[in-house]
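K.L.:
Mapping to full-length UniProt numbering: the sequence shown position 59 is 59, numbers consecutive.
Yeah, the Cβ is synthetic: ideal placement off N, Cα and C, and Gly gets one too.
Below is one structure. I have some questions about it.
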Amino acid sequence: GGPKTDFDLSSIGFAGQTQSTDQLSSAAVGNGFPEVVKVPWAEVNAALGMAALLLSTLEKKPHSGVKFHTHEIIPLGNYSKIGLMQSDGRPPVLYNLFYSDESFQFFGKRNFNT
């Protein structure tokens, strides 16, 4: 197929729950046919960017109890990144916390879900 434009929520499982998202969707619709919910990647990227901003803000707030010792959160909106700190003082290794057609490669892909 062509480039991926949607993130299929039906592939996500819920820890500790036995129902799949298909079962939850069909229960919500009530007609027995599972409703497939597709979310555009731009919206997934925006949500991940908001989560990155929240985590970064909490880490900077005194007495929040949030501190990352091995990772650095870099909130950049839809193009946020996560950095893996290096113990030898080198700059962190950066990973994209977003999907784009340009960042997708079969080999050497450096996205958050690799």
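Kindly indicate which three-state DSSP category Phe106 falls into: helix, strand or coil?
P.N.:
For Phe106, the pLDDT reaches just 48, beneath the cut-off of 50, and the residue's location in the model is therefore unreliable, leaving the point undetermined.
K.L.:
Touching or not, the region 37-48 and the region 74-88, by the rule of three or more beta carbon pairs under 8 Å?
P.N.:
Segments in contact, yes.
K.L.:
Leaving out five residues on either side along the sequence, give the residues of the same chain with a beta carbon under 7 Å from the beta carbon of Phe14.
P.N.:
Reliability of the predicted coordinates at Phe14 is poor, the pLDDT of 44 falling under 50, and the value obtained from them is presented with this limitation in mind. So no residue of the chain qualifies.
K.L.:
Straight-line CA distance for Gly83 to Thr70?
P.N.:
Distance between the alpha carbons of Gly83 and Thr70: 8 Å.
K.L.:
If contacts are defined as beta-carbon pairs under 8 Å, then Val66 and Leu58 qualify, I think. What distance do you get, rounded to the angstrom?
P.N.:
The pair is a contact, with the Cβ atoms about 4 Å apart (cut-off 8 Å).
K.L.:
Would Phe68 be called buried (16 or more neighbouring beta carbons within 10 Å of its own) or exposed?
P.N.:
Under this definition Phe68 is an exposed residue.
K.L.:
Specify the secondary structure class of Glu35 as computed by DSSP and reduced to three states.
P.N.:
Note: Glu35 maps to coil in three-state DSSP.
K.L.:
Considering just the uninterrupted stretch of the beta strand (DSSP E) at Gly83, what are its terminal residues?
P.N.:
First-last of the beta strand (DSSP E) with Gly83: 81-84.
K.L.:
Using alpha carbons as the reference points, say which of Val36, Val37, Trp41, Glu35 lies closest to Leu97.
P.N.:
The candidate whose alpha carbon is nearest that of Leu97 is Trp41.
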